[in-house]
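Each residue of the sequence shown is one higher than the one before, counting from 40 in our numbering.
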Amino acid sequence: MRNGGRLKVGVLLSGGGTNLQALIDACAAPGFPAEIALVLSNKAEAYGLERARRAGIPTTVVDHRPFPDRPSFEREIDRALADAGVECVCLAGFLRVLTEGFVERWHDRMLNIHPSLLPAYKGLETHARALADGVAIHGCTVHFVRPALDDGPLIAQAEVPVHPGDDPAMLAARVLTREHEIYPLALRLMGEGRLSVEGETCLIDGHPGPMRLRWNDAPPIGG
Ligand code: GAR
Numbered sequence: 040m041r042n043g044g045r046l047k048v049g050v051l052l053s054g055g056g057t058n059l060q061a062l063i064d065a066c067a068a069p070g071f072p073a074e075i076a077l078v079l080s081n082k083a084e085a086y087g088l089e090r091a092r093r094a095g096i097p098t099t100v101v102d103h104r105p106f107p108d109r110p111s112f113e114r115e116i117d118r119a120l121a122d123a124g125v126e127c128v129c130l131a132g133f134l135r136v137l138t139e140g141f142v143e144r145w146h147d148r149m150l151n152i153h154p155s156l157l158p159a160y161k162g163l164e165t166h167a168r169a170l171a172d173g174v175a176i177h178g179c180t181v182h183f184v185r186p187a188l189d190d191g192p193l194i195a196q197a198e199v200p201v202h203p204g205d206d207p208a209m210l211a212a213r214v215l216t217r218e219h220e221i222y223p224l225a226l227r228l229m230g231e232g233r234l235s236v237e238g239e240t241c242l243i244d245g246h247p248g249p250m251r252l253r254w255n256d257a258p259p260i261g262g
């Protein structure tokens, strides 16, 4: 645990929020070094907001549509995060492109989850592209966010085997269960103050990351 108590986290999302749920569940465990101070969505109908309300977590909606440009939309997000005392941002299916200014304000304090073993398969349709390439191992990554798409120091990755006959939906579901393992794991490391960045490599307890869960590892206990 860092000095000064639990790390205050803001989660940004646009959709169903199963990764948010994994973070909520992890934060509920005794001794977990982070707490979710705010869940923010650009979409009022995002089911992730309902998950947050059920857990008693403050929510806010910042609809991007009335804003004339991205910086003014992001200033409103920053205001909400600051009001909630947020120290670390977790992107969890937030479907807006962020400007370099916003990303740099949260340098090494903003995490993202992406459904591939980065640097492979940045962008969209990761599962279909992995299947088309015939890879045997696919997976997911938590990383610090940089301005370039799906770029930044890698914190944790989990592998998933590709099975004969998989379609993108089947593979996505298998990957998602592992997303729910590594996001809490990465947030735990962050909250415990065990992450640093040297060059563009994430160090965990001073050793080069990422933490890599193999496809046949058991899930980490307690996230
Ligand atoms: C997750 O699969 C996450 O990896 C992906 O959006 C989904 C959100 O699901 N993110 C990206 O593709 C970012 N490039 P959730 O709302 O159930 O957590």
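In this text, a Cβ means the ideal position worked out from N, Cα and C, and glycines have one as well. This structure is a prediction, so every number in the text was calculated from the model and none was measured.
Chain-order list of residues whose beta-carbon lies under 7 Å from that of residue i (same chain, five-residue window excluded)
i	result
Ala167	Pro207
Ser80	Leu52, Ser53, Gly87, Leu88 and Val100
Contacts around residue i, its chain only, beta-carbon distance under 8 Å, and the 5 residues preceding and following it disregarded
i	result
Gly162	Leu188 and Asp189
DSSP three-state assignment for residue i, whether helix, strand or coil
i	result
Met40	Residue confidence for Met40 is low, a pLDDT of 49 falling below 50, so the modelled location carries little weight and cannot support an answer.
Pro247	strand
Asn58	helix
His153	strand
Glu231	coil
Glu74	strand
Glu239	coil
Leu252	strand
Leu170	helix
Leu163	coil
Ligand 1 heavy atom lying under 8 Å from the CB of residue i
i	result
Glu218	yes
Pro192	no
Asp189	yes
Leu215	yes
Thr57	yes
His177	no
Ile152	yes
Gly49	no
Thr165	yes
Ala211	yes
Gly54	yes
Close Cβ partners of residue i (< 6 Å) along its chain, the five nearest in sequence each way excluded
i	result
Leu252	Ala197
Met149	Val128 and Val184
Pro154	Thr165, Cys179 and Val214
Asn91	Strictly speaking, residue 91 in this sequence is Ala, with Asn absent from that position. Hits under 6 Å: Val78 and Thr98.
Ala94	Ile63
Inside the region 78-139 only - beta strand (DSSP E) runs reaching at least 3 residues: Segments of the beta strand (DSSP E) lying fully in the region 78-139: 98-100 and 127-130.
Unbroken stretches of the alpha helix (DSSP H), 4 residues or longer, contained in the region 173-216: List check, alpha helix (DSSP H) in window: nothing returned.
Cβ contact (3+ pairs, closer than 8 Å) linking the region 115-122 and the region 63-81: The region 115-122 is in contact with the region 63-81.
At least 3 beta-carbon pairs within less than 8 Å: the region 138-153 vs the region 59-77: Per the Cβ contact rule, the region 138-153 is not in contact with the region 59-77 (fewer than 3 Cβ pairs under 8 Å).
Given 8 Å, three or more beta-carbon pairs between the region 57-69 and the region 134-147: The region 57-69 is not in contact with the region 134-147.
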